[in-house]
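Everything on this sheet refers to the single structure shown next.
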Amino acid sequence: MDEVKQPAEPPVLAPDPWDFTRRLAIATLGLFLAIMTIHILHHGKPILEPLFIAVFIGYLLLPVYQWLSKHGVSGLLGSVFILVAIIGALFGLGAMVFNSLEHVAQKLPQYEERLDEIVNDVVEGYTGDPKKRTFHIRELPFFKEKGVAERTRAALQAVLGTFLDFFTWAAITLLYLLFLIAEKFTLPRRLTLAFGTEEGQRVMEVVGTINRAISEYIAVKTFISIMAGALSLIVLWYFDVDFFIMWSILIFLLNFIPYLGSWVAVGFPIVLSFVQLGVVGGLWVAGLLIAIQVALGNFIEPKLAGRKLGVSPLLILLSLSFWGLLWGIVGMILAVPLLVIVKIILDNIKETKPIATLMSNL
Numbered sequence: 065m066d067e068v069k070q071p072a073e074p075p076v077l078a079p080d081p082w083d084f085t086r087r088l089a090i091a092t093l094g095l096f097l098a099i100m101t102i103h104i105l106h107h108g109k110p111i112l113e114p115l116f117i118a119v120f121i122g123y124l125l126l127p128v129y130q131w132l133s134k135h136g137v138s139g140l141l142g143s144v145f146i147l148v149a150i151i152g153a154l155f156g157l158g159a160m161v162f163n164s165l166e167h168v169a170q171k172l173p174q175y176e177e178r179l180d181e182i183v184n185d186v187v188e189g190y191t192g193d194p195k196k197r198t199f200h201i202r203e204l205p206f207f208k209e210k211g212v213a214e215r216t217r218a219a220l221q222a223v224l225g226t227f228l229d230f231f232t233w234a235a236i237t238l239l240y241l242l243f244l245i246a247e248k249f250t251l252p253r254r255l256t257l258a259f260g261t262e263e264g265q266r267v268m269e270v271v272g273t274i275n276r277a278i279s280e281y282i283a284v285k286t287f288i289s290i291m292a293g294a295l296s297l298i299v300l301w302y303f304d305v306d307f308f309i310m311w312s313i314l315i316f317l318l319n320f321i322p323y324l325g326s327w328v329a330v331g332f333p334i335v336l337s338f339v340q341l342g343v344v345g346g347l348w349v350a351g352l353l354i355a356i357q358v359a360l361g362n363f364i365e366p367k368l369a370g371r372k373l374g375v376s377p378l379l380i381l382l383s384l385s386f387w388g389l390l391w392g393i394v395g396m397i398l399a400v401p402l403l404v405i406v407k408i409i410l411d412n413i414k415e416t417k418p419i420a421t422l423m424s425n426l
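The sequence shown begins at 65 in the working numbering and counts up one residue at a time.
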């Protein structure tokens, strides 16, 4: 009988030393580029931070611009209309913050008296002795030390200085935004002239993918933030919590920071509600605000956003930590859009496509 021929084993291919050297060079250059980028971001913060925020605001206002275009207000006129609206909103926000600080100073004695009463009620309930109601916040060592008034005045001056710096920063951001809007109309033609028709179209396709991903993320996040701010406003207004408009605006803004921002924002009105309304009222406010955050963050937002971002949640947390350490709250707001941009760029380069796959939430 003829012997059964075994199938021939596939030949073992020798590793290509040039391919290994090329990958090693790419990894080394990538690490060097990452270090240089972090260094530039850290030292170039005064210039780059307003620019990045201007880009973020541009994405935020893109639906408004498209709506105005559909209704016959497009081009330069639409851009001017949007900029005027932003400036008006900033001045309104500034006036509200100053009025709130003035009201805080007026209400401090009431908060102090209410806090004394709450602590004394707890002490009496624990000991059963009405004579133990002797707590006064002014008797704490901090308030007995000399220089408290000077330190408080210095703190208020620092807040005022920060607020004025914010308006300077906002003016620079608006200037960047104005020039970014102007650049939008001529960028495709310049890319075609610089890289040729085919390569220019490829770059525009990558830019279009980035625009769609960021626009979808910001649209969902803006809707959820508006819902969080509006529902919180209703709760705080119903229980007559002081500065309820300011707290709801803060909840709207900080909700753009994934996972952490909205919980930090609701913490302030919850603490104030316990001081102002007592334990029962504070529990009602806390329960309703927490329920709003849980419903929006755990049920509604995931259904709206789905898996559109396609980025690992662990990477989102690491990105929040990195950008928060680098640029503070502004960095945490920009963390997710910047992470999505990096992933899309890596996904469109042959050598870095495996890194983009590792970053995905598959």
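Even for Gly, the Cβ is constructed at its ideal location relative to N, Cα and C.
Assumed close pair L314, A329 - CB separation to whole angstroms, cut-off 8 Å = Contact flag correct, Cβ pair sits at about 5 Å.
- Task: Assign K414 to buried or exposed, taking buried as 16 or more other Cβ atoms, counted over all protein chains shown, within 10 Å of its Cβ.
- Result: By the 10 Å Cβ count, K414 comes out exposed.
*asked:* Let me make sure I understand the geometry here. Which of W233, Y175, Y123 and F155 has the alpha-carbon closest to that of L341?
replied: Taking only the C-alpha atoms, the option nearest L341 is Y175.
* **Spatial neighbours of L384 in its chain, beta-carbon cut-off 6 Å, leaving aside the 5 residues before and after** => Non-local C-beta neighbours of L384 in its own chain, meaning closer than 6 Å and more than five positions away in sequence, comprise M396 and A399, ordered along the chain.
- Message: My output table needs one value for V305: the three-state DSSP class, helix, strand or coil.
- Response: It is coil, neither helix nor strand.
| field | Range of the contiguous alpha helix (DSSP H) that encloses Y129 | value | Segment K109 to K134, the alpha helix (DSSP H) holding Y129.
Margin query: By alpha-carbon positions, which one of V144, P418, M423 and T191 ends up nearest to R87?
Written below: Answer by Cα proximity: P418.
> Since S424 sits in a beta bridge, which residues does DSSP pair it with?
Replying inline: Residue pairing from DSSP places S424 in a beta bridge opposite V375.
Discussion item. Can you tell me where the alpha helix (DSSP H) holding G331 begins and where it ends?
Written reply: Taken as a continuous stretch (DSSP letters only), the alpha helix (DSSP H) holding G331 covers G325 to A359.
Inset, instruction - Please report how far the alpha carbon of L295 lies from the alpha carbon of I356, in whole angstroms. - result: Using only the alpha carbons, I get a separation of about 7 Å.
- Do you know whose CA, among K109, A235 and G108, lies nearest F155's CA? F155 has its Cα closest to that of A235, out of K109, A235 and G108.
Cβ-based neighbour list, G374, same chain, cut-off 6 Å, excluding 5 preceding and 5 following
The residues are S424 and N425.
Discussion item. Buried or exposed for G331, going by 16 or more other Cβ atoms inside 10 Å?
Written reply: Per the 10 Å Cβ criterion, exposed.
- Message: Do S337 and G345 have their beta-carbon atoms positioned less than 9 Å apart in this structure?
- Response: Cβ distance < 9 Å, so G345 and S337 count as in contact.
> How should T101 be labelled, buried or exposed, when 16 other C-beta atoms within 10 angstroms of its C-beta is the threshold for buried?
Replying inline: With fewer than 16 other beta carbons inside 10 angstroms of its own, T101 counts as exposed.
Q.
Here's a check: name, in chain order, each residue in its chain whose Cβ is nearer than 7 Å to the Cβ of L255, leaving out the five neighbours to either side.
A. In its chain, beyond the 5 residues on either side, G264, V267 and M268 have a beta carbon closer than 7 Å to the beta carbon of L255.
Per-residue burial, K293 [other beta carbons within 10 Å of its own, 16 or more giving buried]: Per the sequence shown, the amino acid found at residue 293 is Gly instead of Lys. G293 comes out buried.
So what does DSSP say about F320, is it helix, strand or coil? Correct three-state label for F320: coil.
Assigned secondary structure, M65 (DSSP; H/G/I helix, E/B strand, else coil)
With a pLDDT of only 48 at M65, under 50, the local geometry of the prediction cannot be trusted, and no value is derived from it.
Determine the burial state of N163: buried for a count of at least 16 other Cβ atoms within 10 Å of its Cβ, exposed for fewer.
-> Classification of N163: exposed, given that the 10 Å Cβ count is below 16.
(request) Can you give me the Cβ contacts of L126 inside the same chain, cut-off strictly under 7 Å, excluding the 5 residues immediately before and after it? (result) Cβ neighbours of L126 beyond the five flanking positions: S279.
Measure the C-alpha to C-alpha separation of I274 and E177 and round it to an integer number of angstroms.
For I274 and E177, the distance between alpha carbons rounds to 54 Å.
Straight-line CA distance for V358 to L124? Approximately 24 Å between the Cα atoms of the pair.
Whose C-beta lies closer than 8 Å to the C-beta of L352 among residues of the same chain, with five residues either side of it excluded? The residues are V299.
- Task: Report back the beta-carbon spacing between A118 and T237 to the nearest angstrom; my notes put them in contact at under 8 Å.
- Result: Their Cβ separation, rounded to whole angstroms, is 5 Å, which keeps A118 and T237 in contact under 8 Å.
(Q) Please state the DSSP three-state secondary structure of I413. (A) The answer is coil: DSSP assigns I413 none of H, G, I, E or B.
Do you know offhand how far L112's Cα is from L318's?
Between the alpha carbons of L112 and L318 lies a gap of roughly 21 Å.
Q: Under the assumption that P322 contacts I380 (Cβ atoms under 8 Å), give the Cβ distance between them as a whole number of angstroms.
A: About 6 Å; that satisfies the 8 Å criterion.
inquiry  = In chain order, what are the residue ranges of uninterrupted beta strand (DSSP E) at least 3 long that sit wholly in the region 377–404?
reply    = For the region 377–404, not one full-length beta strand (DSSP E) segment reaches 3 residues or more.
Considering only C-alpha positions, which residue in the set I150, F316 and I290 is nearest to L242? Comparing Cα positions, the closest option is I150.
On the premise that I309 lies in contact with L297, defined as a C-beta separation below 8 Å, what is that separation, rounded to the nearest angstrom?
-> The pair is a contact, with the Cβ atoms about 7 Å apart (cut-off 8 Å).
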